[in-house]
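Encoded as structure tokens, the structure appears first; notes follow it.
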Amino acid sequence: MHLLHARHALKSMEAHLPLDGQKLANLDLESIQDVDQLVLRYSKLQDSMGSKLFPALLKVLMEPLEDSPMMDKLNKLEKLGVLPSVQRWQELREIRNKFAHDYPEGDEMKAVVLNAACAGVEELAEVLDRVGKAGGV
Numbered sequence: 001m002h003l004l005h006a007r008h009a010l011k012s013m014e015a016h017l018p019l020d021g022q023k024l025a026n027l028d029l030e031s032i033q034d035v036d037q038l039v040l041r042y043s044k045l046q047d048s049m050g051s052k053l054f055p056a057l058l059k060v061l062m063e064p065l066e067d068s069p070m071m072d073k074l075n076k077l078e079k080l081g082v083l084p085s086v087q088r089w090q091e092l093r094e095i096r097n098k099f100a101h102d103y104p105e106g107d108e109m110k111a112v113v114l115n116a117a118c119a120g121v122e123e124l125a126e127v128l129d130r131v132g133k134a135g136g137v
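Given below as structure tokens:
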């Protein structure tokens, strides 16, 4: 569901992409709502994949990592081919973290993070697809 809504927000934002500080500062109310929807759905998607989906997949695959640190789980998912790389997953997580904190940077820096999230949505979709294949769905 989060992916569907994130993609819808991206489609609505197409005319403004890639964003820069000036474009971001001059968005109309409807476009700001699209940006807010993207931020919310990207964050929820990335977070739920890491906190719920990955542990569930490892359990289905009978990988005994329930009490292991997240880094061990990510390394295992990389070895299984679910994640393209642990480093890239951490970068996608960092985008989510930047959304979670309201940093005082200007619109230019916010635009950089938003552009990274726009690209990241399809990367998350690819990981979801790999989870489905690994889990036999």
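Counting in the working numbering, the sequence shown runs from 1 upward without gaps. Heads up, the beta-carbon is just placed ideally off N, CA and C, and yes, glycines get one too.
- Task: Using a threshold of 9 Å, state whether the C-beta atoms of ALA100 and LEU45 are closer than that.
- Result: Position 100 of the sequence shown, counting from 1, holds the residue named residue 100. Position 45 of the sequence shown, counting from 1, holds the residue named residue 45. No, these two residues do not count as a Cβ contact at 9 Å.
- Item | Where MET71 falls, given that 16 or more other Cβ within 10 Å makes a residue buried | Position 71 of the sequence shown, counted from the start, is the residue given in the question as residue 71. When all chains shown are included, MET71 counts as exposed.
- Is it right to say SER43 is buried, meaning 16 or more other beta carbons lie within 10 angstroms of its own, or is it exposed? Counting from one through the sequence shown, the residue named residue 43 turns up at place 43. Label assigned to SER43: buried.
- Item | Exposure of ASP34, with buried meaning 16 or more beta-carbon neighbours within 10 Å | Here residue 34 refers to the residue found at position 34 when the sequence shown is read from its first residue. With 16 or more other Cβ atoms within 10 Å, it is buried.
- What residue from PHE54, ALA15 and LEU29 has the CA that sits closest to LEU124's CA? Stepping through the sequence shown from its first residue, residue 124 is reached at position 124. The shortest Cα separation from LEU124 among PHE54, ALA15 and LEU29 belongs to PHE54.
- Message: Considering just the uninterrupted stretch of the alpha helix (DSSP H) at LYS52, what are its terminal residues?
- Response: For the purposes of this step, residue 52 is taken as the residue at position 52 of the sequence shown. Note, LYS52: premise wrong, no alpha helix (DSSP H); not H, not E.
- Can you give, in chain order, each stretch of the alpha helix (DSSP H) that sits fully within the region 68-130 and has at least 4 residues? 70-79 and 86-100
- Going by C-alpha distance, which of SER48, LEU17 and LYS133 is nearest VAL113? Stepping through the sequence shown from its first residue, residue 113 is reached at position 113. Measuring from the Cα of VAL113, the nearest candidate turns out to be LEU17.
- For the alpha helix (DSSP H) that contains ALA15, what are its first and last residues? Counting from 1 along the sequence shown, the entry for residue 15 is found at position 15. Here ALA15 belongs to no alpha helix (DSSP H), and DSSP marks it neither H nor E.
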